[in-house]
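**Student:** By UniProt numbering, the letter at position 68 of the sequence shown is numbered 68, and the numbering carries on one by one without gaps.
Here you go, one structure.
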Amino acid sequence: MTDNAVLRVVSGRPAPEELAVLTAVLLARAATAGAGTQADTACRPHRARWLRRERVGRAPGPRSWQGLAAGATGTR
């Protein structure tokens with residue numbers, strides 16, 4: 001084996017047929033990775049999945065429950 005090997009077997013002893021199948025699968029995946037059509041590569045607007053806290057109303061204060069218990073009249 002040469003020093004510039006692309007694949008390396010870390011464990012086990014694969015048969016030559018198994019290495020051939022692995023090589024064929026990797027080459028097929030590499031060939032289809034760059035073969036996207038214009039419709040496949042069309043970008044749609046990305047929407048962030050996280051919440052921006054500056055756009056959300058502020059949380060009520062730590063004693064806001066007391067206003068609910070008094071009927072929320074605001075006269076305490």
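C-beta: ideal position from N, C-alpha, C; glycine also.
Computed from a predicted structure; not experimentally measured.
From L68 to P60, what distance separates their C-alpha atoms?
**Tutor:** Rounded to whole angstroms, L68 to P60 spans 12 angstroms at the Cα level.
**Student:** Considering just the uninterrupted stretch of the alpha helix (DSSP H) at V21, what are its terminal residues?
**Tutor:** P16 to A33
**Student:** According to DSSP, is S11 helix, strand or coil?
**Tutor:** coil
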